[in-house]
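K.L.:
Reading the sequence shown from the start, the letters are residues 1 to 65 in the UniProt record's numbering.
The C-beta atom is built at its ideal place from N, Cα and C for all residues, glycine as well.
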Amino acid sequence: MRQWAGRTTAQLFRVYVRPDHRRCGLARALVDMATAFVADTPGYRNLYLHTDTRIAGAEPFCRSV
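What follows is the structure, given as structure tokens:
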């Protein structure tokens with residue numbers, strides 16, 4: 001995770017789960033961990049989740065979290 005936009009926004013970049021491990025809640029768990037990190041770390045106010053719409057399922061997942 002990186003700091004972004006004036007050091008108050010964490011950036012989660014390219015969350016990827018191999019196809020044989022998808023639909024098990026792994027990506028959501030990673031995003032939940034990042035969200036908790038931002039909430040618990042002084043100075044952060046936002047979490048920016050970057051996605052690549054060319055990857056099947058990436059955009060619907062991003063919209064669901």
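According to DSSP, simplified to helix, strand and coil, what is A39?
P.N.:
Reduced to three states, the DSSP call for A39 is helix.
K.L.:
Please classify A10 as buried or exposed, where buried requires at least 16 other C-beta atoms within 10 Å of its C-beta.
P.N.:
Classification for A10: buried.
K.L.:
Could you name each continuous beta strand (DSSP E) segment of 3 residues or more that falls completely within the region 9 to 35, going from the start of the chain to the end?
P.N.:
The region 9 to 35 contains these whole beta strand (DSSP E) runs: 9 to 13.
K.L.:
Go through its chain and collect everything with a Cβ distance to A58's Cβ below 8 Å, but skip five positions before and after it.
P.N.:
Closer than 8 Å at Cβ, skipping near neighbours: T51, D52.
K.L.:
Between R18, R22, R28, L12, which has its C-alpha nearest S64's C-alpha?
P.N.:
Minimum Cα distance to S64 is reached at R28.
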